[in-house]
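Residue numbers (this note's numbering): 2 to 233.
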């Protein structure tokens, strides 16, 4: 994938996507330590998505749920998410883990399942774990799935710690290669109503920043002690 993927994209549209990405990344990842659930959108043979989530899940026993959205069986790197497979990735705490049984050939179906699980389980906040290049589209798709169902809850984005030069197993492309296609899909799926628009994201973030979950995650300002001096 390359610049040709953005053919027909106006400067304004591109700036809207860049603004969305920037504002999503303003959310403090430390808030993910205080959510009800971790959510993973699998795909592209990227086992590191699951490994990252399982590591967080095992390290934070207060988390109530781990939701694992299924992938696309048409991908040649697709692996069925079984309990044996998850145990091989370090999963020990199985209570609260939910697997999407049906195939999910696209992000929209993953997001719909996530929203339905959140509703059925009474989840009040979640952290979305996915590879950085895919995070903006996955995040906006999940927000739209909640919006369609009349739901609103804190969603904290957690990009997986993986080098952007790492080849994606499904295609051999790097994150750098995949960004243009992600931008194009965001714009296309916004028009089709499957991805939150820039204005919808703006309204949501205005609400989210007012929530206690984010207030608790903000760093406490360091105030100089009386009589202390500062130097430039």
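Don't be surprised by glycine CBs; every beta carbon is placed ideally from N, CA and C. A quick note: this is a predicted structure, and the numbers were derived from the prediction, not measured.
Check: Would you say the region 144-160 touches the region 199-211, given that touching needs at least three Cβ pairs under 8 angstroms?; Outcome: yes
Check: Less than 8 angstroms separating the beta-carbons of residue 214 and residue 155?; Outcome: yes
Check: Going along the chain, which unbroken runs of the alpha helix (DSSP H) with 4 or more residues stay wholly within the region 127-175?; Outcome: 136-149
Check: Measure how close the beta-carbons of residue 37 and residue 66 come, nearest whole angstrom, since I'm counting them as under 8 angstroms.; Outcome: 6 angstroms
Check: What's the C-alpha gap between residue 13 and residue 212?; Outcome: 30 angstroms
Check: When the Cα atoms are used, what is the spatial distance from residue 157 to residue 172?; Outcome: 28 angstroms
Check: What whole-angstrom Cβ distance do residue 40 and residue 130 have, given they're in contact under 8 angstroms?; Outcome: 7 angstroms
Check: Can you look up residue 35 in the DSSP assignment and give me helix, strand or coil?; Outcome: helix
Check: Among all the DSSP beta bridges, which residues are the ones paired with residue 66?; Outcome: 38
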